[in-house]
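A short write-up of the structure that comes next.
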Amino acid sequence: MNPILDIVVRSLAVYFFMVIAVRVFGKNQLSQLNAGDVILLLLISNAVQNAMVGSNSSLQGGIVAALVLFVANFVVKKFIFKNQKIKELIEDHPYILVKDGVVYSEILRKVQISEDELEEAVHEHGIEKVSDVKLAILEVDGNISVISTDNNTEQTHYSRHKTKMKRKFRNQ
1 MNPILDIVVR SLAVYFFMVI AVRVFGKNQL SQLNAGDVIL LLLISNAVQN AMVGSNSSLQ
61 GGIVAALVLF VANFVVKKFI FKNQKIKELI EDHPYILVKD GVVYSEILRK VQISEDELEE
121 AVHEHGIEKV SDVKLAILEV DGNISVISTD NNTEQTHYSR HKTKMKRKFR NQ
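Numbered by full-length UniProt numbering, the letters in the sequence shown go through residues 1 to 172 in order.
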């Protein structure tokens, strides 16, 4: 087989394996990276490198593998945008965590969000109590959106993995 075609096929196989793995292990894993998750990502990238390029360690091989990954990602995003069935297969749906001050504990357990994390998200949105939340949703990207029952409350964007950085800069 042509060495470039070999890299293309291997890279596509690894890409689609990773898409499936992300879907199986859940969306909220990507929005709450901790040190262990970063190490895992680094190890995975190192482990799949040889699976993509084989013994070809040339610059050309690396560029072809990277190009294939970019193109595959572009094509998959186009398919997701145009086809609801593919979108449902690859992406999860949003989950309502709180509605009219009522916390859905069974959903919190399902998506593996603690009540402390939920409370933190509510506070990040400038809302003092969960009972003042009109709606809190775990979005498909893993972020939590919160809408207050108080129309005067300033609404903000809360990203679970950026919380500590926001707090650090706000306190300076």
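The beta carbon of each residue, even a glycine, is placed where N, CA and C say it ideally should be.
{"Check": "Grouping DSSP H, G and I as helix and E and B as strand, with all else coil, what is ILE147?", "Outcome": "strand"}
{"Check": "Which residues bound the alpha helix (DSSP H) around VAL75?", "Outcome": "59-82"}
{"Check": "MET18 to VAL53, Cα distance in whole Å?", "Outcome": "16 angstroms"}
{"Check": "LYS85 by DSSP, collapsed to three states: which one?", "Outcome": "helix"}
{"Check": "CA-CA distance, GLU139 and VAL68?", "Outcome": "29 angstroms"}
{"Check": "Would DSSP call LYS110 helix, strand or coil?", "Outcome": "helix"}
{"Check": "Inspect the beta-carbon positions of LYS134 and SER145 and report whether they are closer than 8 angstroms.", "Outcome": "no"}
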